[in-house]
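**Q**
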Amino acid sequence: MLALILALTLAGGLPGTEVICTLLAESEQPDGERGPDRLLADCPAGLPEAADIQLAADSALAAISLPLPEPSRRWGPPPHIEIAENLVMVRHEAGWAPALGQILVRAEPLMPVSAVEMGARHMACALALRPDSAGVPVDPEVHCASGRQTRRVSRVTNPAMQDAATRMRLAPVEMLYCLDEQVAVRALVVYRDSSARNSEGQIPISDINALPNLCVTPD
């Protein structure tokens, strides 16, 4: 952080310089299923362009579509919501703006019960997120592998992950782009006998690194 402050002081905010702001979430909801009502940034003070950085961060966060829509329970319990700790701001020639690819509100689904009943114990998913000006992923693409890759399982895991993806919120930027993201979800299963537990070793674990990049258009 000292090196970053020194670089800003010497360079006066050259393009490409990054500043890390602390992200704060406010919510008046009792259950938190719709995520925060608003996000706030606490950016470092005392920098040459501190006021501009704070103003740009505040403007970006105010544009995010919050709170989230009511969760769908079609695929099971609502996704688990996590808030990022930081917001990274980058200096461009035109001023300060959030860095690309920052998921500020992350939604991760629980393993669908129906998929577990069909033998799946995990799902490794590839996502293509194309956020709009409000940080909302537009028609996210999803591909999930579960170790027991059948059409019946995919008909449950893919929509569950897609539903969660629509509830994510990214830092808004003034350009269109696609973020390649991976998510891994495991089921928590309680067994009554050891024989059922031992059979779990027969279910192959999907390699998250082998998932396709859905942002890349096939030739």
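According to this note's numbering, the sequence shown is numbered sequentially starting from 10. C-beta atoms are modelled at their ideal positions from N, C-alpha and C, and glycine is treated no differently.
Only counting runs of 4 or more residues, tell me where the alpha helix (DSSP H) segments fall wholly within the region 39-119, in order along the chain.
**A** Entirely contained in the region 39-119, the alpha helix (DSSP H) runs reaching 4 residues are, in chain order, 59-71.
**Q** State the CB to CB distance for the pair residue 225 and residue 178, rounded to an integer number of angstroms; the pair is presumed to be in contact (CB under 8 Å).
**A** Taking the sequence shown and counting its residues from 1, one reaches residue 225 at position 216. Taking the sequence shown and counting its residues from 1, one reaches residue 178 at position 169. Not a contact, Cβ separation roughly 24 Å.
**Q** Checking the sheet assignment: what are the DSSP bridge partners for residue 32?
**A** Here residue 32 refers to the residue found at position 23 when the sequence shown is read from its first residue. BP columns for residue 32 point to 50.
**Q** Can you list, in chain order, the stretches of the alpha helix (DSSP H) that have 4 or more residues and sit fully within the region 128-183?
**A** Correct list: 160-174.
**Q** Residue 122 lies in the alpha helix (DSSP H); which residues open and close that run?
**A** For the purposes of this step, residue 122 is taken as the residue at position 113 of the sequence shown. It spans 122-126 - the alpha helix (DSSP H) in which residue 122 sits, taken as one unbroken run.
**Q** In whole angstroms, what is the alpha-carbon distance linking residue 59 and residue 48?
**A** Along the sequence shown, read from residue 1 onward, the residue named residue 59 stands at position 50. Along the sequence shown, read from residue 1 onward, the residue named residue 48 stands at position 39. Each residue's alpha carbon lies about 19 Å from the other.
**Q** Out of 136, 186, 122, which one is the CA nearest neighbour of residue 82?
**A** Stepping through the sequence shown from its first residue, residue 82 is reached at position 73. It is 122.
**Q** Need the endpoints of the beta strand (DSSP E) that residue 190 sits in, please.
**A** To locate residue 190, count along the sequence shown from 1; it is residue 181. Per DSSP, residue 190 belongs to the beta strand (DSSP E) from 188-195.
**Q** With DSSP as the reference, identify every bridge partner of residue 27, one or two as the case may be.
**A** On the sequence shown, position 18 is the one that residue 27 refers to. Answer by DSSP bridge pairing, in chain order: 99.
**Q** From residue 108 to residue 54, what does the alpha carbon distance come to, in whole angstroms?
**A** By 1-based counting over the sequence shown, the position of residue 108 is 99. By 1-based counting over the sequence shown, the position of residue 54 is 45. Whole-angstrom Cα-Cα distance: 19 Å.
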